[in-house]
Amino acid sequence: MSVLIDLTGRNVGKLKVIRRDGFEVHGGGKQAYWACRCDCGRWTRVPGFNLRKQHTLSCGCLNSDVQQARARLEGTRRQPCKDKRGRGKGRRAPWLT
Ligand SMILES: [Zn+2]
């Protein structure tokens, strides 16, 4: 049984919880949804669980920031792979055999 926690006015990441926005049933349990306004000005509807666990921190604009940052990271990581090749010879990852 889940107890409804009032999240109104809370800030979660870039989101500010404005008001409750109905219920949806998930896996046999009722899930409260919250209307949130993102820092970027967009509105989004987030299940209370995701807000409490901080799974959802934006309307989605944060995700694209994260993805861009990750793409940049991978871009810089890709280069040293060249010399890793020689060193890794003969050492096989056990999950690949
Ligand atoms: Zn946003």
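Per the working numbering, the sequence shown starts with residue 97, numbered consecutively.
All residues carry an ideal CB built from backbone N, CA and C; glycine is no exception.
Predicted model, so just to flag it, every value in this text is computed and none were measured.
Q) G118 lies in the beta strand (DSSP E); which residues open and close that run? A) Counting from one through the sequence shown, the residue named residue 118 turns up at place 22. Following the DSSP letters along the chain, one finds G118 inside the beta strand (DSSP E) bounded by residues L111 to H122.
Q: With a 10 Å radius around its C-beta and 16 neighbouring C-beta atoms as the bar for buried, classify C136 as buried or exposed.
A: Here residue 136 refers to the residue found at position 40 of the sequence shown. Taking every protein chain shown into account, the CB of C136 has fewer than 16 other CB atoms within 10 angstroms, so this residue is exposed.
Q) Looking at S154 and ligand 1, is the gap between the Cβ and the nearest heavy atom below 7 Å? A) Position 58 of the sequence shown holds residue 154. Yes, since a heavy atom of ligand 1 falls inside the 7 Å radius drawn around the Cβ of S154.
Q. Skipping 5 residues on each side, what residues in its chain have a beta carbon closer than 8 Å to that of E120?
A. Taking the first residue of the sequence shown as position 1, residue 120 is located at position 24. The residues are K126, Q127, Y129 and P143.
Q. Which residues bound the beta strand (DSSP E) around G125?
A. Within the sequence shown, residue 125 is the residue found at index 29, counting from 1. DSSP places G125 in the uninterrupted beta strand (DSSP E) bounded by G125 to C134.
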